[in-house]
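Please read the structure below before turning to the comments.
Structure representation (structure tokens):
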């Protein structure tokens, strides 16, 4: 189950970048950021349960970087 969430996070991150480059819509950006945040939190929980704290911190940093980077590019 953990591999599925990892894969979904990577796919959502790629789609978030494509969404910004090609669409850059007002409503789709909010949807993509919410999806990234939810998948990032799920992956952090799975990593913390498995005592993989470095991996949990990596997902935290990736989630924050994607969201803040997206806001930086938008505004």
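Numbering (my numbering), first residue to last: 1113 to 1187.
Ideal Cβ positions, reconstructed from N, Cα and C, are used throughout, including at glycine.
Measuring C-alpha to C-alpha distances from residue 1122 to each of 1180, 1135 and 1150 identifies 1150 as the nearest.
Under the three-state reduction of DSSP, residue 1136 is assigned to coil, being neither helix nor strand. Proximity of the stretch 1151-1159 to the stretch 1170-1180 meets the contact definition, three or more beta-carbon pairs being nearer than 8 Å. Secondary structure of residue 1161 (DSSP, three-state): helix. Shown here for residue 1156: same chain residues with a beta carbon closer than 7 Å to its own, the five before and five after excluded, namely 1168, 1171 and 1172 in chain order.
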